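Asks:
In the working numbering, the protein residues as written are 12 to 297.
Okay, here's the thing in structure tokens:
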């Protein structure tokens with residue numbers, strides 16, 4: 012399409028295979044948008060397009076992402092308020108006709124799999140290195156490892172006893188983010204084979220509080236880690252491990268591989284059919 016539609020807080024540039032969303036830098040722009048700056052959303056990452064009335068004489072054009080297509084949306088897990096939804100473009104009411112045109116144009120470009128969940132991330136995650144300040148420690152991510160450095164003023168005795176933590180992406184099965192509203196927000200890593208504890212006692216989690224772990228810092232961080240975890244799993248682990256080897260293996264080794272496969276299945280990284288087929292292959296090696 013090659014056209015531009017300017018709204019409140021953002022401008023959408025319509026390209027042949029994607030929409031480039033550029034966020035404004037004004038003081039009234041949500042800080043999450045300012046942090047993201049811009050995002051390129053391929054048409055293949057969208058499931059639908061809506062146009063609805065907004066507040067105070069505005070209209071809202073929204074591109075609805077497919078489940079599993081955007082690491083930011085996956086990490087947010089439905090917790091973002093409408094005002095912080097990067098897929099909403101708020102427009103003055105007098106641009107409704109123009110918005111209807113672009114909504115129709117976008118709908119015409121949706122892919123054949125628009126109604127299905129995406130099998131991989133199609134929208135880029137925020138780039139590492141990233142860091143933010145939580146209530147009980149500082150979190151850092153260099154693209155390969157996540158580090159937690161505890162603050163003596165906020166960290167629990169359990170975390171001090173465990174010491175500062177470093178988690179290679181290869182050892183993680185996912186990440187959990189709870190928005191920093193109220194007193195129970197946190198970012199939790201999910202190391203394989205480890206049961207999560209209460210966030211303020213879990214060395215794999217940092218907790219939020221008023222002024223700590225703000226959405227515009229902690230959510231892009233969570234999205235970047237989640238994307239790295241998924242990329243690592245798709246590049247390395249289960250297919251090669253399950254399909255490798257011909258001779259009969261030690262039963263303990265088989266049991267460990269099935270346990271790991273189950274973790275990937277519960278994390279949504281392996282489909283039901285893949286899980287059943289690969290588990291059968293492993294059992295056949297006994």
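All residues carry an ideal CB built from backbone N, CA and C; glycine is no exception. None of the values given here were measured: they were computed from a predicted structure.
Counting only the same chain and skipping the five closest in sequence on each side, list residues whose C-beta sits under 6 Å from that of residue 189.
Replies: Here the set comprises 196, 197.
Asks: On the CB-based measure, 16 or more other CB atoms within 10 Å of its CB, does residue 155 come out buried or exposed?
Replies: By the 10 Å Cβ count, residue 155 comes out exposed.
Asks: Taking only the alpha-carbon atoms, compute the straight-line gap between residue 165 and residue 103 and give it to the nearest angstrom.
Replies: Going from the Cα of residue 165 to the Cα of residue 103 covers about 45 Å.
Asks: Bridge partners of residue 72, per DSSP?
Replies: DSSP lists 62, 100 as partners of residue 72.
Asks: Just to confirm, does residue 20 get its C-beta within under 8 Å of one of the non-hydrogen atoms of the ligand ZN?
Replies: For the ligand ZN, the structure offers nothing, since it holds no ligand at all.
Asks: Can you give, in chain order, each stretch of the alpha helix (DSSP H) that sits fully within the stretch 73–147 and has at least 4 residues?
Replies: Counting only runs of 4 or more, we get 82–87, 107–119.
Asks: To the nearest angstrom, how far is it from the Cα of residue 22 to the Cα of residue 206?
Replies: Their Cα atoms are separated by approximately 43 Å.
Asks: So, at 7 Å on beta carbons, what are the nonlocal neighbours of residue 226 in its own chain, with the 5 sequence-adjacent residues on each side left out?
Replies: 43, 95, 190, 191.
Asks: Spell out the partners DSSP gives residue 158 in its beta bridges.
Replies: Answer by DSSP bridge pairing, in chain order: 151, 177.
Asks: For the stretch 167–219, list the alpha helix (DSSP H) runs that are entirely contained and at least 4 residues long, ordered along the chain.
Replies: Whole alpha helix (DSSP H) segments, 4+ residues: 168–173.
Asks: Roughly how many angstroms lie between the CA atoms of residue 27 and residue 172, to the nearest whole one?
Replies: Going from the Cα of residue 27 to the Cα of residue 172 covers about 55 Å.
Asks: With C-beta atoms as the reference, is residue 232 less than 9 Å away from residue 159?
Replies: Cβ atoms of residue 232 and residue 159: not closer than 9 Å.
Asks: Using a Cβ-Cβ cut-off of 7 Å (strictly less than) and excluding sequence neighbours within five positions of residue 295, which residues of its own chain qualify?
Replies: There are no such residues.
Asks: So for residue 20, helix, strand or coil by DSSP?
Replies: DSSP places residue 20 in coil when its eight states are reduced to three.
Asks: Between the alpha carbons of residue 52 and residue 32, how many angstroms are there, rounded?
Replies: Looking at the two C-alpha atoms, the distance is approximately 8 Å.
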